[in-house]
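Quick note: to get the working numbering, add 6 to the position in the sequence shown (first position is 1). The block underneath contains the structure these notes are about, expressed in C-alpha cells.
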Amino acid sequence: MKIVGIDHVQLAMPRGRENDARAFYRDVLGMAELPKPANLAARGGVWFAAGDRQVHLGVEDDFRPARKAHPALRVENLDGFRNRLAEAGHTPRDDEPLPGYRRIYVSDPFGNRLEFIEPAAST
7 MKIVGIDHVQ
17 LAMPRGREND
27 ARAFYRDVLG
37 MAELPKPANL
47 AARGGVWFAA
57 GDRQVHLGVE
67 DDFRPARKAH
77 PALRVENLDG
87 FRNRLAEAGH
97 TPRDDEPLPG
107 YRRIYVSDPF
117 GNRLEFIEPA
127 AST
C-alpha cells in the first residue's frame, strides 16, 4: 500500500463567483476548465487542470479564504507568471527563501493563498 500522487487540490470559493474563478484560473493562469460531473455541477464551483494536475474550486456557504494553507503550483518561467499576475491586478508577494527554489505567493480573487514555485537554476 502506498500513495502514488495527488489527483487534485480543492479550494473553497463563495457561491455565485464561478466567472471570477474562470477569469483568474483560466484566463490569467492559463489552466483549462474541466467539465464537472452532472451530479456535482448543481453544487456550483468550477474545476481546472494544468497537465495532469487539477485544482477544484467548491462552493462553501460560510466561505473563509485559506490564507496560510495553500497549493504550490510548479511553473516554468516564474518571472513571466509574476508579470502576468501583476498586469492582471494580482500583486505577487515574495517570501522567505526556500533552498533550491524561487517562489512567489498571490491571492486568488477570493483571498485563497497560492504559491508559484520554480526550481532555481544550478550555478
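All residues carry an ideal CB built from backbone N, CA and C; glycine is no exception.
### Query
Does the Cβ-Cβ distance between alanine 56 and methionine 37 come in under 9 Å?
Reading the sequence shown from its first residue, position 50 is the one you call residue 56. Reading the sequence shown from its first residue, position 31 is the one you call residue 37. Yes; because the gap between Cβ atoms is below 9 Å, this pair is in contact.
### Helix, strand or coil at phenylalanine 54 according to DSSP, with G and I counted as helix
Against the sequence shown, residue 54 aligns to sequence position 48. Phenylalanine 54: strand per DSSP, three-state reduction.
### Message
Does any residue of chain B have a CB that is nearer than 9 Å to the CB of arginine 21?
### Response
Of the protein chains in the structure, only one exists, and it is not chain B.
### Query
Hey, how far is the Cα of arginine 23 from the Cα of arginine 108?
The count along the sequence shown starts at 1 and reaches residue 23 at position 17. The count along the sequence shown starts at 1 and reaches residue 108 at position 102. The alpha-carbon atoms of arginine 23 and arginine 108 are separated by roughly 31 Å.
#### Entry: the segment 116-129 contacting the segment 71-87, beta-carbon criterion three pairs below 8 Å
yes
### Query
Would a C-beta distance cut-off of 9 Å place alanine 94 and phenylalanine 30 closer than the cut-off?
Taking the sequence shown and counting its residues from 1, the one referred to as residue 94 is at position 88. Taking the sequence shown and counting its residues from 1, the one referred to as residue 30 is at position 24. For alanine 94 and phenylalanine 30, yes; Cβs fall inside 9 Å.
### Query
Are there 16 or more other CB atoms within 10 angstroms of the CB of leucine 35, so buried, or fewer, so exposed?
The residue given as residue 35 occupies position 29 in the sequence shown. Buried, because 16 or more other Cβ atoms sit within 10 Å of the Cβ of leucine 35.
### Query
What residue range is occupied by the uninterrupted beta strand (DSSP E) comprising glutamate 82?
On the sequence shown, residue 82 is found 76 positions in, with the first residue counted as 1. Glutamate 82 -> no beta strand (DSSP E), and no H or E assigned at all.
### Task
Would you mind sorting valine 112 into buried or exposed? The rule is 16 or more other CB atoms within 10 Å of its CB.
Counting from one through the sequence shown, the residue named residue 112 turns up at place 106. Counting the other Cβ atoms within 10 Å of the Cβ of valine 112 gives 16 or more, which makes it buried.
### Message
If the criterion is Cβ atoms closer than 9 Å, does the pair arginine 49 and valine 65 meet it?
### Response
Indexing the sequence shown from 1 puts residue 49 at position 43. Indexing the sequence shown from 1 puts residue 65 at position 59. Yes, they are a contact pair.
### Query
What residue range is occupied by the uninterrupted beta strand (DSSP E) comprising glutamate 66?
Counting from one through the sequence shown, the residue named residue 66 turns up at place 60. That residue, glutamate 66, is in no beta strand (DSSP E); it is neither H nor E in DSSP.
#### Entry: Counted within 10 angstroms of its Cβ, other Cβ atoms place threonine 129 as buried (16 or more) or exposed
Within the sequence shown, residue 129 is the residue found at index 123, counting from 1. Confidence is the limiting factor: at threonine 129 the pLDDT is only 49, short of 50, which leaves the residue's position unreliable, though a coordinate-based value still follows. Classification for threonine 129: exposed.
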